Ligand SMILES: [Mg+2]
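Numbering (our numbering), first residue to last: 34 to 466.
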């Protein structure tokens, strides 16, 4: 069996005006669908980061991929040239999907996912069983809360319903959490911070704890918006609220900054774990992060760490180093949801509920045949279906692709959205507080 064709489809997916320290989400998030077909008539699918950069990277790979045996993933990896290792490995300034140092792992991850989908379909086994079986029955996810402006995403005649309304206060965030948990059954909560004054974000976390109690682990992630000083202040203030399975994620920039926060928190009697998907973004960060004691929980991501099998290897390394494992997310559709769920099931060390932006997207934008993937009690059960377990609705793909071609942008730019809608002079400042 050989890969006989590779097609890439750029997609634009409606997205509400969610806020973070990067700025504000645009009306459409960009994704890419990768389709591999084999000489045996099997199709394998993967979803990846979007925009013209990822698209060009996939186009350039076609000569390597077309003609390959989908079972020979190791030799595919070997054929890839090593990317430039000279740049900044962190995501302090770059969003996931744009770091040149991840160029190989990012593209490989999508090809591997599509090949695993093919392998699973060929031998009639789910992907998680192909790579070693299930460490758990379903993949748990957390309620991913965002401060946001009013609006549900989309533009003109293509706007989405604003399910959660404007949320720019601690009280409205509790309402958002109640609504999201009632609908999906999540059992852990993650708050995207770095948006309001830290005092208001502390208040938000306190109100969430008062509302849901200590059985709902809480995390806050301001994407490096705070100085070491502010991070320590917040960590001390939220000592109780972030205990019991929660964590403080990327409060400040860089491994040295994180290490300083950790030291000062420990000295103050606060052992809240620090988590990261910004200071730690690849295997080469793991040992330094451990040596500095800068990060205690690493957020994996099968899209940029190098795929589902790389997530398993990362779990092994983290176990060896005594670090916990969680999972990062970007805006995504149901195909990525399944890649993430299979990765979670197949990685025994994934002991925290994974992040997902999935509740922020709607049925109208789903490319999975038969509609959106369903949560059961805040988790995604992976069916015993072959491969990733889903087929694609190509009419929907055509609609999302047409929308992509009509958009004036080809790259995520949250700062530009802030300047357009909030403050014409807005700039991302790190630290802001
Ligand atoms: Mg994060």
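C-beta atoms are modelled at their ideal positions from N, C-alpha and C, and glycine is treated no differently. Please read all numbers here as calculations on a predicted model, not as lab measurements.
Endpoints, alpha helix (DSSP H) assigned at residue i
i, result
"residue 292", "288-300"
"residue 39", "No alpha helix (DSSP H) contains residue 39, which is instead part of the beta strand (DSSP E) from 36-47."
"residue 348", "341-354"
"residue 231", "231-245"
"residue 438", "427-439"
"residue 111", "106-112"
Reduced DSSP secondary structure (H/G/I, E/B, other) of residue i
i, result
"residue 267", "helix"
"residue 253", "strand"
"residue 82", "strand"
"residue 177", "strand"
"residue 149", "helix"
"residue 368", "helix"
"residue 461", "coil"
"residue 154", "helix"
"residue 332", "strand"
"residue 402", "coil"
"residue 144", "helix"
"residue 159", "strand"
"residue 75", "coil"
"residue 127", "coil"
"residue 319", "helix"
"residue 52", "strand"
"residue 420", "strand"
"residue 91", "helix"
"residue 373", "helix"
"residue 191", "helix"
"residue 103", "coil"
"residue 391", "helix"
"residue 378", "helix"
Residues of its chain near residue i, where Cβ-Cβ distance is below 7 Å and the 5 sequence neighbours each way are ignored
i, result
"residue 292", "325, 326 and 327"
"residue 461", "54, 55, 56 and 448"
"residue 72", "34, 35 and 37"
"residue 434", "42, 43 and 44"
"residue 424", "402"
"residue 102", "34 and 35"
Minimum C-alpha distance to residue i - residue among the options
i, options, result
"residue 98", "68, 378, 323 and 64", "68"
"residue 446", "349, 311 and 129", "129"
"residue 282", "125, 74 and 458", "125"
"residue 214", "91, 176 and 247", "176"
"residue 277", "463, 315 and 252", "252"
"residue 342", "432, 427, 141 and 237", "141"
"residue 316", "299, 294 and 358", "358"
"residue 287", "89, 122 and 457", "122"
"residue 52", "157, 229, 371 and 132", "229"
"residue 76", "454, 420 and 450", "420"
"residue 248", "233, 256 and 219", "219"
"residue 119", "367, 111, 135 and 107", "135"
"residue 432", "203, 415, 442 and 397", "397"
"residue 392", "257, 457, 383 and 412", "412"
"residue 455", "43, 40, 58 and 39", "58"
"residue 232", "270, 299 and 262", "270"
"residue 371", "414, 254 and 299", "414"
"residue 88", "131, 101 and 47", "131"
"residue 402", "48, 78, 50 and 62", "78"
"residue 191", "284, 46 and 274", "46"
"residue 492", "203, 63 and 138", "Shown here, the chain extends from 34 to 466; a query on residue 492 therefore has no answer."
"residue 261", "295, 102 and 279", "295"
"residue 285", "266, 274, 302 and 275", "266"
First and last residue of the uninterrupted beta strand (DSSP E) at residue i
i, result
"residue 71", "61-71"
"residue 217", "No beta strand (DSSP E) contains residue 217, which is instead part of the alpha helix (DSSP H) from 203-217."
"residue 282", "280-282"
"residue 272", "Run containing residue 272: none; DSSP gives neither H nor E here."
"residue 358", "357-360"
"residue 453", "Careful: residue 453 lies outside any beta strand (DSSP E), inside the alpha helix (DSSP H) at 447-454."
"residue 414", "412-414"
Which residues DSSP lists as bridging residue i, in chain order
i, result
"residue 136", "DSSP output for residue 136 lists no bridge partner at all."
"residue 309", "331"
"residue 223", "177 and 252"
"residue 383", "358"
"residue 172", "413"
"residue 200", "181"
"residue 57", "52"
Same chain, Cβ closer than 6 Å to residue i, five either side skipped, listed in chain order
i, result
"residue 380", "344, 345 and 348"
"residue 188", "60"
"residue 377", "172, 383 and 387"
heavy atom of ligand 2 below 6 Å from residue i C-beta
i, result
"residue 117", "You won't find ligand 2 in this model; what it holds is ligand 1."
Nonlocal neighbours in the same chain, by C-beta distance under 8 Å from residue i, ignoring five residues either side
i, result
"residue 206", "178, 180, 200, 224, 237, 240 and 241"
"residue 95", "39"
"residue 156", "163 and 419"
"residue 404", "396"
Proximity test, Cβ basis, 7 Å: residue i and chain D
i, result
"residue 290", "The structure shown contains no chain D, having only a single protein chain."
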